[in-house]
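J.: In our numbering, the protein residues as written are 4 to 513. The beta-carbon is built from N, C-alpha and C at its ideal position, and this holds for glycine as well. Shown below is the structure under consideration.
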């Protein structure tokens with residue numbers, strides 16, 4: 004039954020610029036949002052930028068800008084990149100938005116009023132790049148002999164000591180274990196769930212949630228001399244966007260249907276700290292947290308200081324928007340790490356888009372033009388492709404529902420291969436016009452109709468072009484499943500257009 008689907012990406016830190024690692028999460032989220040609209044869900048898709056903290060303040064100072072000016076410039080680059088990739092959120096939230104400031108203050112005031120925040124002195128190792136504190140034994144050895152390196156960016160940690168407000172995380176060790184036991188599917192995949200459980204069972208120390216040494220952040224309502232530490236400000240964006248602190252009915256309606264997408268490097272914050280914060284505020288922990296691995300280049304995680312950053316616009320120039328989206332959705336199963344290769348991207352483009360989908364469309368349009376005077380016949384009710392199509396639709400739907408776009412697209416392309424195999428077997432281009440040729444071509448046109456719908460979350464542009472070329476009105480994205488996936492929806496009697504190749508083959512790099 005259709006329902007609500009509240010989908011979030013992490014909000015991206017404005018000290019960086021958007022690269023294909025950011026794009027992987029956001030394109031995945033956008034495709035999921037499009038799929039859930041196809042099945043009739045009421046979808047709210049949220050992304051945005053994280054704009055407070057010491058790292059932003061330092062970067063702005065180095066560039067001769069105010070923190071707000073720096074945040075404005077970088078947030079605009081994220082918006083431009085999502086526009087380029089047809090990523091269309093229902094809200095692009097910024098932690099500098101006024102309603103977010105109010106939501107943060109209201110949320111953490113409630114945690115404070117519930118007795119879970121206290122004042123103390125913090126002294127320890129801090130990584131500005133991570134905006135995270137680390138215990139001595141969590142740091143990596145420094146080959147230069149200085150302070151230990153943080154485990155994510157491998158940069159020397161800095162010693163911080165100041166009077167802060169602390170969140171009593173230690174009080175939530177057993178409540179979190181109880182929540183995980185009662186909700187075994189809340190964190191996926193299971194390996195990431197076990198990792199989060201390991202962090203909890205290893206013991207939870209109270210954590211500093213404020214800073215007095217900077218002023219670029221959300222002021223603490225009961226202590227205006229301090230600002231909230233960036234992570235606790237940022238996590239609350241998910242609540243802000245659906246009305247926390249301003250529209251209780253809207254928050255209550257949407258929060259039970261949240262699906263967070265996140266990379267594994269922020270698992271601790273999302274799968275341990277965030278559920279504990281919600282419990283401390285008297286709210287339910289998030290219903291679904293879907294954790295994926297890194298998108299690496301040459302086995303290395305991309306970062307601002309590395310030489311392996313690849314920017315989406317560079318790839319879109321070579322592969323187009325749909326080629327970009329399809330590759331990252333199809334070649335990188337959601338969950339494990341995936342290593343990017345330009346050569347693999349060319350191979351996938353040529354195999355799946357040019358040779359399979361593009362060739363099927365071109366071949367069918369050509370033969371319809373020659374054998375049917377350019378008018379597409381209707382499919383056969385008893386087509387051998389009908390049961391195969393039903394299986395592919397079922398498998399694709401199950402995969403999208405399980406947050407596995409790569410498996411969903413594999414099921415969809417199975418149907419394309421089945422249609423191409425039928426054409427190779429029957430060779431309608433060699434036969435005389437008649438019922439048999441009409442039946443085979445009608446079956447292939449029906450497959451193109453179905454594939455246009457099933458692939459539309461990934462192929463935001465070419466799926467609509469396939470739909471148009473086979474004579475259908477409207478858009479595949481406007482259809483509703485499962486009704487639109489029933490065999491026989493192509494009516495026949497429509498003009499079929501033979502246009503330019505949908506996906507011209509690309510040359511392999513030398």
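(1) By the three-class DSSP mapping on this structure, what secondary structure does residue 210 have?
(2) Would you report the Cα separation of residue 353 and residue 148, rounded to the nearest angstrom?
(3) Hey, is the segment 477–492 in contact with the segment 433–444, meaning 3+ C-beta pairs nearer than 8 Å?
(4) So what does DSSP say about residue 55, is it helix, strand or coil?
(5) Ignoring anything shorter than 4 residues or poking outside the segment 324–351, list the alpha helix (DSSP H) runs there in chain order.
(6) Once DSSP output is grouped into helix, strand and coil, what is the label at residue 45?
(7) Expressed to the nearest angstrom, what Euclidean distance is found between the alpha-carbon atoms of residue 322 and residue 315?
(8) If you count every other CB in all the chains shown that lies within 10 Å of the CB of residue 118, and 16 or more means buried, which is it?
(9) Buried or exposed: residue 309, going by 16 or more other Cβ atoms within 10 Å of its Cβ?
(10) Take the Cβ of residue 106 as the centre, count every other Cβ of all protein chains shown within 10 Å, and call the residue buried at 16 or more, exposed below.
(11) Quick one: complete beta strand (DSSP E) runs, 3+ long, within the segment 178–259?
(12) Could you work out which residue in 350, 153, 406 is closest to residue 507 when comparing CA atoms only?
(13) On the premise that residue 462 lies in contact with residue 319, defined as a C-beta separation below 8 Å, what is that separation, rounded to the nearest angstrom?
(14) Please report the straight-line C-alpha distance between residue 206 and residue 183, rounded to a whole angstrom.
(15) How far does the alpha helix (DSSP H) with residue 518 in it reach, from first residue to last?
(16) Tell me whether residue 82 sits in a helix, a strand or coil according to DSSP, three-state version.
(17) Is residue 309 helix, strand or coil when you go by DSSP?
(18) Can you tell me whether DSSP reads residue 24 as helix, strand or coil?
(19) Could you check which residue in 460, 486, 456 has the C-alpha nearest to that of residue 477?
(20) By DSSP, does residue 120 sit in helix, in strand, or in coil?
(21) Just list the residues that DSSP pairs residue 498 with in beta bridges.
(22) Below 6 Å CB to CB, which residues in the same chain sit around residue 336 once its five sequence neighbours on both sides are set aside?
(23) DSSP beta-bridge partners for residue 159?
(24) By DSSP, does residue 425 sit in helix, in strand, or in coil?
(25) Strictly by DSSP, which residues pair up with residue 266?
(26) Specify the secondary structure class of residue 9 as computed by DSSP and reduced to three states.
(27) Give me whichever residues DSSP pairs with residue 129 in a beta bridge.
(28) Closest to residue 288 by CA distance: which of 246, 432, 195, 239 is it?
(29) When the Cα atoms are used, what is the spatial distance from residue 63 to residue 208?
(30) Quick one: Cα of residue 378 to Cα of residue 499, how far?
(31) Within the chosen definition, does the segment 28–42 reach the segment 397–414 through at least 3 CB pairs nearer than 8 Å?
(32) Since residue 422 and residue 396 are thought to touch, with beta carbons under 8 Å apart, how far apart are those beta carbons, to the nearest angstrom?
(33) If you drop the 5 nearest sequence neighbours on each side, which residues of the same chain put their C-beta closer than 8 Å to that of residue 504?
(34) Is DSSP giving residue 490 helix, strand or coil here?
(35) Assign residue 374 to buried or exposed, taking buried as 16 or more other Cβ atoms, counted over all protein chains shown, within 10 Å of its Cβ.
T.: To lay it out plainly:
(1) strand
(2) 50 Å
(3) no
(4) coil
(5) 345–351
(6) strand
(7) 10 Å
(8) exposed
(9) Residue placement at residue 309 is poorly supported in this model, since its pLDDT is 49, which falls under 50; the coordinates still yield a value, given next. Under this definition residue 309 is an exposed residue.
(10) buried
(11) 226–231
(12) 350
(13) That pair is no contact at about 14 Å.
(14) 15 Å
(15) The question about residue 518 has no answer here: the residues shown for the chain are numbered 4 through 513.
(16) helix
(17) With a pLDDT of only 49 at residue 309, under the threshold of 50, the placement of this residue in the model should not be trusted; the figure read from the coordinates follows. Reduced to three states, the DSSP call for residue 309 is coil.
(18) helix
(19) 456
(20) strand
(21) 378
(22) 409
(23) 152
(24) helix
(25) 295
(26) strand
(27) 136, 161
(28) 239
(29) 32 Å
(30) 6 Å
(31) yes
(32) With 8 Å as the limit, residue 422 and residue 396 do not qualify as a contact, their Cβ atoms being about 14 Å apart.
(33) 357, 361, 365
(34) coil
(35) buried
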